[in-house]
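Here the sequence shown is numbered in this note's numbering, starting from 132 and rising by one per residue.
All remarks here apply to the structure that follows.
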Amino acid sequence: RRAALPCTLSWAIPLLTLISLCTCCAGQYVLTQPASVSVSVGGTVTLTCEGDDIGSKAVHWYQQMLPSAPRLIIYYDSNRPDGIPERFSGTNSGNTASLEISGAQAGDEADYYCQVWDSDAAQ
């Protein structure tokens, strides 16, 4: 299991530079999230998570509003758990996984984490 450091979504929705060097039994895997993105209320924002051939791995996205624990909002690339609005959507292909938030709301201000599950590394 590998997770990137969080993207911070706030008004002017900056996403902090996030690089995580995560090590497991199979070695090192790097996840990179962008330095900054901005969105207006009601607009659409895309958060990206890049990694070598990430499209061949399972990506999960978490939203964290401190002091609460992270909440799963997308699992296995594009699936939403019960209770997560349709305006949250995920895709994963090639070297980039994306979380799109359409109709952004002030309540979306949070930290966002991508997590990668690599079944090869788990063996």
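From the three backbone atoms N, C-alpha and C, an ideal C-beta is built for every residue, glycine too.
Take residue i and list the residues in its own chain whose beta-carbon comes closer than 8 angstroms to its own, dropping the five residues that flank it on each side.
i, result
"residue 222", "208, 209, 228, 229, 231"
"residue 195", "137, 201, 202, 241, 242, 243, 244"
"residue 183", "160, 161, 226"
Specify, as a first and last residue, the run of the beta strand (DSSP E) that residue i falls within.
i, result
"residue 202", "202 to 205"
"residue 246", "241 to 248"
"residue 221", "219 to 224"
"residue 176", "176 to 181"
"residue 84", "Look at the range of the chain in this structure, 132 to 254, and you will see that residue 84 is not part of it."
"residue 229", "227 to 232"
Leaving out five residues before and five after residue i in sequence, what residues of the same chain have Cβ atoms less than 6 angstroms from its Cβ?
i, result
"residue 249", "188"
"residue 73", "With the chain represented from 132 up to 254, any question about residue 73 goes unanswered, as that position is not in the structure."
Any beta carbon from chain D within less than 8 angstroms of residue i's own beta carbon?
i, result
"residue 237", "Absence of chain D from the displayed structure is noted, only one protein chain being present."
Could you tell me whether the Cβ atoms of residue i and residue j are closer together than 8 angstroms?
i, j, result
"residue 235", "residue 175", "yes"
"residue 233", "residue 211", "no"
"residue 178", "residue 190", "no"
For my contact list, residue i and residue j are in at a C-beta cut-off of 8 angstroms; report their separation, rounded to the angstrom.
i, j, result
"residue 220", "residue 186", "Their Cβ separation, rounded to whole angstroms, is 16 angstroms, which puts residue 220 and residue 186 out of contact at 8 angstroms."
Please go through the same chain and pick out, in chain order, the residues whose beta-carbon is closer than 7 angstroms to the beta-carbon of residue i, but skip the five residues on each side of it.
i, result
"residue 205", "191, 192, 211, 219, 221, 230"
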